[in-house]
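So the sequence lines, in the order shown, correspond to chains A and B.
Numbered continuously in this note's numbering, the first sequence closes out at residue 305.
Numbered continuously in this note's numbering, the second sequence closes out at residue 309.
In this text, a Cβ means the ideal position worked out from N, Cα and C, and glycines have one as well.
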Amino acid sequence: MKQIVVVSGKGGTGKTSFTAAFAELAGRSVVLVDADVDAANLALLLDGSDEPPREYQAGRLARIDPVRCTGCGLCVDACRFDALHLAEPHRVVLQDLACEGCGVCAVVCPEDAVSFVPQRAGQWTVRDTAFGPLVHAELVPGAGNSGKLVALLRETSRGLAERLAASWLLIDGPPGIGCPVHAAVTGTDLLVAVTEPTPSALHDLERLLELAARFRLPAAVVLNKADLDPAGTDLVEAAVAARGVELLGRVPFDPEVPRRLAAGTGLLTVPGVRDAVVACWAAVARRAGRANASAAEEGRDAAV
Amino acid sequence: MRLVVASGKGGTGKTLVSTHLAWLAAERGLDVTYADVDVETPNGHLFLAPVVEREHRHTVLLPSLPFGHCTGCGVCHDFCQYNAILPLPDSVLIFPELCHNCGGCVRVCPPAVLSEVPHEVGTVREGRAGNLRFLDGRVDVGEPRATPLIQEVLRRIDAGTLAVVDAPPGTSCNTTAALSGADRVLLVTEPTPFGLHDLRLALQLCRTAGLPAGVVINRADLGDDRPLRAFLEAERVPVRAAWRYDPELAVAVARGELAGRRVPWFRDAVEHLLDACLAPQEDGRS
Ligand code: SF4
Ligand code: SF4
């Protein structure tokens, strides 16, 4: 089983529609994960019935007992997350959105006024789609802890893929290069970065490829909307080549794509785009096989 | 007034909207700051081309065990909510990537042998683009702690001035941090099922934070905006602006230019949006 993560740095370059198209091309031997847990969109493209949702609890929130609190303000100074404020003399208020449940306020409180409640952070489920099971989740907005939820989804999907003896585990990653991305890319066989020929996308791609290098992950690039700006395309191609990263394919822009997505169908229904996406998937499959072979070689070398 | 430009979904045009609002406010002679707190992938500088006047490496404090008086009692480990510190017989193992820098272990350590050392998380830049004050943050590649850097950028906004904040996408820690101290929020979306789904969540976040939000519909003709508009009407969320897809805009974005300089209708549209953002609020808090 090969784990492929589709990421982009910059949002909106087409990660999710590529993941859905790859799933369709992967020959029904695939398990899917939507690791973009605070904007999970893959389920919107892949119909199917969901298992009953499971609660995801993560961390805890402080609670200040207003009867015990004398308003001394010691906790306000101690909290590193700016979650506590002196609202009026003798009353401390807590902002749930800022609280990380660390417990420092409880340590400094002389009146034993702090207790903790578990935080409901979201829910997750498995959907039975036409191409294979999709593990997806919804984070409670503002709950945080998205990296941990991504790790949970990855673990679940890996178990599922092993049980089903699936050839592919496809991960739709989050935008950015931060903590949820770290959780989404760790230990994958190939990182596929979907980009477009704009300075923003290129700038974010460079940061993403730097991250891949740091995590020692094989990475490759798909250039979406490649015909939008020839000069931009040249820049992306040069930057990718300079890093020694393979460009797996170029996909043209077609205003029909957003219309089709709005209608709930995907990239493969747009004729001019279809062939390019099929070629990209072939390149991904080839590259993932090779990446794995060379990793195995490295492993052998290390063993020698 | 602090206006935060956010979106659930990435790539809907947050930076396009925020850079233009800030630029046009500066053209009007207002004292305005553009603050890019999309610190994982900051792009505003590409369009505003600021002259950077100051750079500052931001640090957070992480625990460290300087010399060997640790008794291996494990009190720090029991305290830590993030499993970031592991006791060994006569020392501790600290996992910096898990640590939230709360400082708790240092407080509870019975023999008080743990101390804190600064750890760099990223860079804050300050500068100017013409009359516009420019701020951005850029988290180091591989660094998991982005929120302290976001807070540091926001701290550098002068109170009492107009600030346009370019927020990170999503509805998790970074976006929440970007909303702190906001007066109003502008959510940029697109008329696709993705845009609508993520907008719903972003709106929920604004409501949890007690912030009034308006919406900008970008590329309003690429897709179907009827479900989006019906949703916004039912939720009584005002549409502050809506504009069509124009290849000219895409070309400007592809060249790293402010599109409003070359596309007059777009400049007018953002001028109207700025008027709406600066006008006294009528939609109230939801
Ligand atoms: S638990 Fe930590 S983050 Fe929450 S209020 Fe207390 S000190 Fe602040
Ligand atoms: S500073 Fe807080 S999060 Fe970090 S190791 Fe200590 S207790 Fe854990």
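| With respect to the beta strand (DSSP E) encompassing B:Lys32, which residues constitute its N-terminal and C-terminal limits? | Your numbering for residue 32 of chain B matches position 9 in the second sequence. Neither: B:Lys32 is in no beta strand (DSSP E) and is coded neither H nor E.
| message | Would A:Ala185 and A:Gly174 qualify as a contact pair, given that the criterion is a beta-carbon distance under 8 Å? | response | Within the first sequence, the letter at position 184 stands for residue 185 of chain A. Within the first sequence, the letter at position 173 stands for residue 174 of chain A. Yes, they are a contact pair.
| task | At 8 Å on the CB atoms, spell out the chain B contacts of A:Val105, in chain order. | result | Residue numbering aside, residue 105 of chain A sits at position 104 when the first sequence is read from its first letter. Under the 8 Å cutoff, chain B gives Cys125, Gly126, Gly127, Arg130.
| request: Compare the Cα-Cα distances from B:Asn106 to each of A:Gly60, A:Ser9, A:Asp230, A:Arg29 and report the closest residue. | output: To locate residue 106 of chain B, count along the second sequence from 1; it is residue 83. Of the candidates A:Gly60, A:Ser9, A:Asp230, A:Arg29, the one whose C-alpha sits nearest the C-alpha of B:Asn106 is A:Gly60.
| query | Taking the runs of the beta strand (DSSP E) that are 3 residues or longer, which of them lie wholly in the stretch 221–255 of chain A? | reply | 247–251
| task | Could you check what DSSP says for B:Thr56 in three-state terms: helix, strand or coil? | result | Walking along the second sequence from the start, residue 56 of chain B turns up at place 33. Correct three-state label for B:Thr56: strand.
| Closer than 5 Å: residues whose CB approaches a heavy atom of ligand 2 | B:Pro86, B:Cys103, B:Tyr105, B:Ala107, B:Ile108, B:Cys122, B:His123, B:Cys125, B:Gly127, B:Cys128
| Is the Cβ of B:His220 closer than 8 Å to any Cβ of chain A? | Counting from one through the second sequence, the residue named residue 220 of chain B turns up at place 197. It does; some Cβ of chain A falls within 8 Å.
| Burial state of B:Thr170, where buried means 16 or more other Cβ atoms lie within 10 Å | Position 147 of the second sequence, counting from 1, holds the residue named residue 170 of chain B. With 16 or more Cβ atoms within 10 Å of its Cβ, B:Thr170 is classed as buried.
| request: Could you please give me the residues that DSSP links to B:Gly150 through a beta bridge? | output: For the purposes of this step, residue 150 of chain B is identified with residue 127 of the second sequence, where counting begins at 1. B:Val75, B:Phe157.
| Nearest-angstrom Cα separation, counted from A:Arg92 out to A:Cys80 | As a working mapping, residue 80 of chain A is identified with position 79 in the first sequence. As a working mapping, residue 92 of chain A is identified with position 91 in the first sequence. If I take the Cα positions, the gap works out to 16 Å.
| task | Below 6 Å CB to CB, which residues in the same chain sit around B:Pro119 once its five sequence neighbours on both sides are set aside? | result | As a working note, residue 119 of chain B is residue 96 in the second sequence. Counting only Cβ-Cβ distances below 6 Å, and skipping sequence neighbours, we find Leu85.
| request: Return helix, strand or coil for A:Thr20, following the three-state DSSP convention. | output: Counting from 1 along the first sequence, the entry for residue 20 of chain A is found at position 19. Three-state DSSP puts A:Thr20 in a helix.
| field | Which residues DSSP lists as bridging A:Gly123, in chain order | value | Residue numbering aside, residue 123 of chain A sits at position 122 when the first sequence is read from its first letter. According to DSSP, which records beta bridges pairwise, A:Gly123 is partnered with A:Tyr57, A:Leu140.
| From A:His204 to A:Val118, what distance separates their C-alpha atoms? | The count along the first sequence starts at 1 and reaches residue 204 of chain A at position 203. The count along the first sequence starts at 1 and reaches residue 118 of chain A at position 117. Approximately 41 Å, taken between the alpha carbons.
| Close Cβ partners of A:Arg301 (< 7 Å) along its chain, the five nearest in sequence each way excluded | Taking the first sequence and counting its residues from 1, one reaches residue 301 of chain A at position 300. Interpretation of A:Arg301 is limited by its pLDDT of 44, a score under 50 that renders its predicted location unreliable; no figure is taken from the coordinates.
| message | Using a Cβ-Cβ distance cut-off of 8 Å, determine whether B:Ala49 contacts chain A. | response | Taking the first residue of the second sequence as 1, we reach residue 49 of chain B at position 26. No, because no Cβ of chain A sits closer than 8 Å to the Cβ of B:Ala49.
| query | Below 8 Å, can you find three or more Cβ-Cβ pairs linking the stretch 186–197 of chain B to the stretch 128–147 of chain A? | reply | yes
| message | Going by the DSSP bridge assignment, what does B:Leu26 pair with across the sheet? | response | By 1-based counting over the second sequence, the position of residue 26 of chain B is 3. In DSSP, B:Leu26 forms a bridge with B:Val187, B:Arg207.
| query | Is B:His142 buried or exposed, if buried means 16 or more other CB atoms sit within 10 Å of its CB? | reply | Sequence index remark: in the second sequence, residue 142 of chain B carries index 119 (1-based). Looking at its Cβ environment, which holds 16 or more other Cβ atoms inside 10 Å, B:His142 is buried.
| request: Tell me, please, which residues DSSP counts as bridged to B:Val162. | output: Here residue 162 of chain B refers to the residue found at position 139 of the second sequence. For B:Val162, which the question treats as bridged, DSSP gives the partners B:Gly145.
| task | State the DSSP-derived secondary structure class of B:Val260, mapped to helix, strand or coil. | result | On the second sequence, position 237 is the one that residue 260 of chain B refers to. B:Val260: coil per DSSP, three-state reduction.
| field | 8 Å Cβ cutoff, A:Ala306 in contact with chain B | value | The question about residue 306 of chain A has no answer here: the residues shown for chain A are numbered 2 through 305.
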